[in-house]
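Those protein sequences? They're chains A and B, same order as listed.
Residues in the first sequence are numbered from 1 upward in steps of one, following our numbering.
Residues in the second sequence are numbered from 1 upward in steps of one, following our numbering.
Every residue gets a Cβ at the ideal spot worked out from N, C-alpha and C, and that includes glycine.
Encoded as structure tokens, the structure appears first; notes follow it.
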Amino acid sequence: MPTLTDRTRTLALLIAAALVAVSIFLPLWGMTLVSTQYPEGLRMVVYPSRIVGDIHELNVLNHYVGMMPISDGFFTELRILPAAFAALAALLAAAAFVRRRWAVLLPLVGMTALAVYGFASMRHRLWQFGHELDPAAAIDIPPFTPAMFGLHEIAQFAGYSYFSWGTFLPMVAGALAAAVLASDFRRSRSL
Amino acid sequence: MSRVRYGVTGLTALGLAALGLSACSGVKPEAPNQRTMATGDVQAAALASYVKPGDHDEYYLFYSGGHSGQVFVAGVPSMRHIFTIPVFTPYPGTGYGYDEETKAMLGGYTWGDVHHPAASKTDGDYDGRWLFVNDNANNRIARVDMRDLKTKQILGPIPNTMGNHGSSMVTDNTEYALVGTRFSVPIGSQYAPLEEYATRYKGAVTGIKVDPKSGTMSVGWQIMTPPFNWDLGATGKGPSNDWAFWTSYNTERATGKLEASSTQRDRDYVAIVNWKAAERAAAAAGAGTFLASGIRMIDPAKVPGVMYLLPCGKSPHGVDVDPSGEYVVCSGKLQPTSTVYSFKKIQDAIARKSFTGEEDGIPVLKYEDALLMEVPVGLGPLHTQFDGKGYAYTSLYVESAIAKWKLPPYAAGADPKAQVVDKIPVQFNVGHLVTAHGDTRHPKGDWLVAMNKMSKGRSIKTGPSIPESSQLIDISGKDGGIKMKMIYETYTEPEPHFAQLVHKDVLKNTIEFYPKAENHHPRAIWAGKDAKVTRNAATRTVEGTVFAVRSYFEPGRIQVQEGDTVVLHITNAEQARDEIHGFGLVAFDKNIIIDPGETKTLKFVARKSGVYPYYCTNFCSALHQEMQGYLEVVPQGTALTMYKGGHGEMLFARRPEAPAAPKAADHASAH
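Below you can see the structure in the form of structure tokens.
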């Protein structure tokens with residue numbers, strides 16, 4: 001793999017920064033539940049800063065099994081993620097003009113850390129909402145963990161969980177940053 | 001219509017007498033309208049009207065409900081009754097007339113007589129905004145919003161109107177819903193003895209102004225007319241856009257038994273009204289206008305150009321304007337013809353002042369001046385609709401049939417008989433008929449519904465309260481033929497008159513629940529914790545905001561004192577379609593139904609101490625039966641325990657570290 005020209009390096013990091021920045025406004029993950037009574041499906045779509053979709057209806061249904069209400073205010077993640085995305089985008093943009101390995105390494109480590117945090121926290125929330133059920137609820141069900149990805153079944157619902165652009169684009173940005181870092185290493189070795 | 005019924009009885013008696021004279025014993029002539037369908041036709045018809053489970057009908061049929069006071073809505077082509085829009089009559093099924101909002105709109109009336117629904121139009125085509133319906137009984141007009149298919153306004157009683165029958169006709173851009181009085185009475189709610197009918201009694205046609213944004217109706221102006229009976233009307237289109245037409249009967253100005261006294265003349269009149277001229281005259285409020293019961297009334301004898309009279313067949317019902325707006329069709333019930341007038345010839349005659357006389361100063365045009373053709377459609381022609389393909393369809397009450405006939409232009413010397421291209425029997429005694437978008441500038445030309453006044457044993461037995469019948473007729477000519485085809489028949493409760501057959505795409509903006517953002521009720525609440533009950537000891541009034549969601553009410557317990565007036569504002573906090581809740585108060589004769597996202601107010605006096613359960617009346621969920629609470633009416637002199645507020649949200653789990661909230665099951669007993 002050849003080393004990148006200065007111009008390409010700058011461009012790659014700026015694109016990476018833009019991809020992360022725009023992801024603040026893109027959906028990260030979603031789940032659609034379909035049943036006989038809801039042929040159009042009930043949607044839940046998670047953005048870095050908010051959760052949208054048929055949340056009211058999902059909450060009404062979930063309360064029968066004693067599940068906590070889904071609400072933006074409940075999730076600290078929704079306050080952390082936009083700030084983290086913004087910070088990483090700023091670091092990537094800065095790295096475009098600072099030709100040092102650490103300048104690229106810093107956002108790359110940050111992105112990796114954020115990815116680990118994101119997936120771990122999602123995993124935890126899915127477990128939490130399926131397990132911390134109020135024993136006083138009308139319907140007793142065995143605790144469960146909805147799937148993070150793919151088709152699954154919850155009671156009378158067929159569910160489908162999927163990742164979306166807000167997850168994919170930062171991954172592309174990460175790949176770009178990694179390529180720049182590799183190039184920077186090669187360049188320093190060849191000097 | 002009863003005059004016609006008597007007429008039919010008369011005709012039948014005459015027919016029987018004739019038969020009696022000529023009959024040989026043992027010969028029974030075949031009744032003409034009892035033909036059975038061929039097997040192939042049955043199969044084709046079954047497929048044409050079958051809407052398989054899960055599929056949608058293509059059209060909304062907005063039936064007038066007659067003296068039921070409601071609008072019935074059926075789907076076409078299935079003809080299934082889908083739902084009812086209550087308008088002038090309380091309707092427990094949707095709680096209409098039980099909450100304070102709809103009670104106020106009904107104004108204490110318990111029934112109405114809906115005859116002629118009219119859908120709002122833009123450029124002469126249905127635009128899916130509103131449906132206007134008249135009340136022939138209590139002189140009112142109502143507006144149904146097509147966005148949520150609910151009655152939004154009832155205007156009236158309209159002054160100087162007795163029997164709002166010639167109503168409702170909507171102008172091309174819904175500037176006005178036009179209405180006319182069926183009965184003439186002394187103007188200004190005064191008394192004059194019936195002996196003075198011909199001179200002191202007056203009729204009126206009225207322009208009901210429609211606010212283009214909100215749809216709010218108000219009485220715009222009235223035109224004073226001679227004491228005829230005004231029957232039915234139509235608005236012009238295109239070239240005749242500024243004009244409206246009404247049929248009259250009893251131009252004899254008779255009283256007593258009109259069956260005979262109002263049928264002496266060979267002709268009655270079509271009123272030709274320039275509604276734009278009337279609007280101008282009313283706005284100018286100049287000479288020839290005066291105030292009657294607060295309404296600006298125009299005397300057409302003194303304001304030239306507002307109204308003309310055109311002779312037409314005896315005792316007409318319908319007058320209809322073809323889609324092009326060029327031809328006006330009027331049928332006298334007691335003559336076997338439909339008269340086709342040219343709007344252009346009418347205007348020419350007016351311009352030439354070719355008048356044969358006047359009625360109370362209103363110029364009378366010469367029949368022949370306006371006439372294009374008398375088409376011999378058959379016996380008892382009532383009402384005409386159009387297909388947009390050059391044909392007209394006229395209901396034949398006496399003959400129990402629909403005639404299909406050709407509209408102008410006609411070749412010089414054309415044979416009127418040859419214009420009738422098909423006739424189909426209906427069962428029985430068709431009154432109105434409706435075609436898809438049949439009174440707009442662009443009829444769809446595929447379906448026709450015959451609304452028959454009699455079903456006479458077509459259904460399984462119903463006891464003596466025989467339902468009406470409606471029949472679906474294919475007029476599409478899909479197979480290239482000109483023949484109408486009988487497809488299906490169904491029965492309705494009393495009693496459809498006219499209808500509007502509106503394509504479902506026209507109602508594409510119709511909602512299925514009320515979005516929370518649109519609920520502007522000052523007492524709407526969206527969380528159980530916001531439920532509140534307050535009592536004003538001085539006025540002895542209890543006011544509560546109640547929260548309803550699957551499957552509980554908050555509060556689940558309300559205490560009031562015996563004799564208190566109780567006002568409850570109940571919000572259905574659901575945001576999903578078909579999650580309708582009811583609030584039925586046992587032994588109080590009270591039940592209101594709240595649609596998702598809606599807030600309604602229930603008011604009652606807690607007269608007698610005791611405990612009265614309330615419960616959700618509209619099935620909502622698996623735990624619908626559990627959705628209940630108690631109204632405790634505490635005896636005088638016993639201390640009240642006021643409701644202290646809701647316990648937060650629904651039965652959601654508490655997080656383990658959160659402070660323990662009372663269980664929802666304890667809501668009722670926790671305070």
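Just tell me which of the options has its CA closest to the CA of residue i.
{"i": "B:N138", "options": "B:T110, B:P316 and B:Q628", "result": "B:T110"}
{"i": "B:G457", "options": "B:T490, B:H437 and B:W447", "result": "B:T490"}
{"i": "B:L258", "options": "B:T247, B:N241 and B:F228", "result": "B:F228"}
{"i": "B:A351", "options": "B:K590, B:T247 and B:G305", "result": "B:G305"}
{"i": "A:T167", "options": "A:A21, A:G130 and A:A12", "result": "A:A21"}
{"i": "B:G163", "options": "B:D135, B:R607 and B:R143", "result": "B:D135"}
{"i": "B:I570", "options": "B:L131, B:D578 and B:Y614", "result": "B:Y614"}
{"i": "B:E512", "options": "B:S476, B:K150, B:S609 and B:H115", "result": "B:K150"}
{"i": "B:E399", "options": "B:V421, B:L365 and B:G431", "result": "B:G431"}
{"i": "B:A177", "options": "B:K353, B:T235, B:W230 and B:A284", "result": "B:T235"}
{"i": "B:E598", "options": "B:T545, B:G645 and B:Y612", "result": "B:T545"}
{"i": "B:A118", "options": "B:G108, B:R129 and B:G112", "result": "B:R129"}
{"i": "B:A538", "options": "B:G563, B:T356, B:E175 and B:P522", "result": "B:G563"}
{"i": "B:D422", "options": "B:I475, B:Y488 and B:A271", "result": "B:I475"}
{"i": "B:A260", "options": "B:S315, B:Y643 and B:R140", "result": "B:S315"}
{"i": "A:V65", "options": "A:G130, A:R189 and A:F157", "result": "A:G130"}
{"i": "A:V45", "options": "A:L61, A:S183 and A:F163", "result": "A:F163"}
{"i": "B:A527", "options": "B:T510, B:P555, B:T541 and B:R540", "result": "B:P555"}
{"i": "B:L568", "options": "B:E574, B:A576, B:Q575 and B:Q559", "result": "B:Q559"}
{"i": "B:A281", "options": "B:W405, B:V303 and B:H503", "result": "B:V303"}
{"i": "B:R441", "options": "B:G390, B:S621 and B:S609", "result": "B:G390"}
What residues from chain A crowd round residue i, counting only those whose CB sits closer than 7 Å?
{"i": "B:R550", "result": "V60"}
{"i": "B:A576", "result": "E57"}
So with CB distances below 9 Å, who are the chain B contacts of residue i?
{"i": "A:H124", "result": "Ordered by position in chain B, no residue passes the 9 Å Cβ test against A:H124, which lies about 13 Å from the chain."}
{"i": "A:A115", "result": "Chain B residues near A:A115: none, gap ~27 Å exceeds 9 Å."}
Give the DSSP-derived three-state secondary structure of residue i in the structure shown.
{"i": "B:F386", "result": "strand"}
{"i": "B:L651", "result": "With a pLDDT of only 49 at B:L651, under 50, the local geometry of the prediction cannot be trusted, and no value is derived from it."}
{"i": "B:A668", "result": "Note that B:A668 scores a pLDDT of 38, beneath 50, so its modelled location is shaky; the value from the coordinates is reported in the next line. Coil at B:A668, not helix or strand."}
{"i": "B:N274", "result": "strand"}
{"i": "B:I511", "result": "coil"}
{"i": "B:A412", "result": "coil"}
{"i": "A:T5", "result": "coil"}
{"i": "B:K333", "result": "coil"}
{"i": "B:G93", "result": "helix"}
{"i": "B:S342", "result": "strand"}
{"i": "B:A537", "result": "coil"}
{"i": "A:M122", "result": "helix"}
{"i": "B:H520", "result": "coil"}
{"i": "B:S49", "result": "helix"}
{"i": "A:R100", "result": "coil"}
{"i": "A:R189", "result": "helix"}
{"i": "A:Q156", "result": "coil"}
{"i": "B:Q222", "result": "strand"}
{"i": "A:S49", "result": "coil"}
{"i": "A:F74", "result": "helix"}
{"i": "B:V133", "result": "strand"}
Going along chain A, which residues have a C-beta under 8 Å from residue i?
{"i": "B:L365", "result": "What B:L365 touches in chain A: nothing, since even the nearest Cβ is about 59 Å away."}
{"i": "B:L623", "result": "Y64 and A138"}
Assuming residue i and residue j are in contact, meaning their beta carbons sit under 8 Å apart, how far apart are those beta carbons, in whole angstroms?
{"i": "A:L28", "j": "A:A173", "result": "With 8 Å as the limit, A:L28 and A:A173 do not qualify as a contact, their Cβ atoms being about 14 Å apart."}
Determine, using beta-carbon pairs with one atom in the segment 373-386 of chain B and one in the segment 333-348 of chain B, whether at least three such pairs fall under 8 Å. Under the 8 Å Cβ criterion, the segment 373-386 of chain B counts as touching the segment 333-348 of chain B, having at least three qualifying pairs.
contact_flag[the segment 469-488 of chain B, the segment 505-523 of chain B] where n(CB pairs < 8 Å) is 3 or more: No, because fewer than three Cβ pairs between the segment 469-488 of chain B and the segment 505-523 of chain B fall closer than 8 Å, the two stretches do not touch.
Are the segment 246-261 of chain B and the segment 376-393 of chain B touching by the rule of at least three beta carbon pairs closer than 8 Å? Counting C-beta pairs with one atom in each stretch, the segment 246-261 of chain B and the segment 376-393 of chain B have fewer than three that are closer than 8 Å, which means they do not touch.
Inter-stretch contact at 8 Å, needing at least 3 Cβ pairs: the segment 281-296 of chain B / the segment 313-333 of chain B: As far as the Cβ criterion goes, the segment 281-296 of chain B does not touch the segment 313-333 of chain B, which means the pair count is below three.
Three or more C-beta pairs closer than 8 Å, one from the segment 59-76 of chain A and one from the segment 98-117 of chain A: is that the case here? Touching, no.
Are there three or more Cβ pairs, one per stretch, closer than 8 Å when the segment 53-63 of chain B is compared with the segment 71-83 of chain B? Three or more Cβ pairs drawn from the segment 53-63 of chain B and the segment 71-83 of chain B lie within less than 8 Å of each other, which places the two stretches in contact.
Do the segment 122-129 of chain B and the segment 182-190 of chain B make contact, defined as three or more Cβ pairs closer than 8 Å? Result no; under three Cβ-Cβ pairs closer than 8 Å.
May I ask you to verify whether the segment 634-644 of chain B touches the segment 584-604 of chain B, counting CB pairs closer than 8 Å and requiring at least 3? Short answer: they don't touch.
Tell me, please, whether the segment 574-585 of chain B touches the segment 543-558 of chain B by the rule of three or more beta-carbon pairs shorter than 8 Å. Short answer: they touch.
Would you be able to state if there are at least three C-beta pairs under 8 Å between the segment 79-95 of chain A and the segment 111-121 of chain A? Between the segment 111-121 of chain A and the segment 79-95 of chain A there are three or more C-beta pairs closer than 8 Å, enough to call the two in contact.
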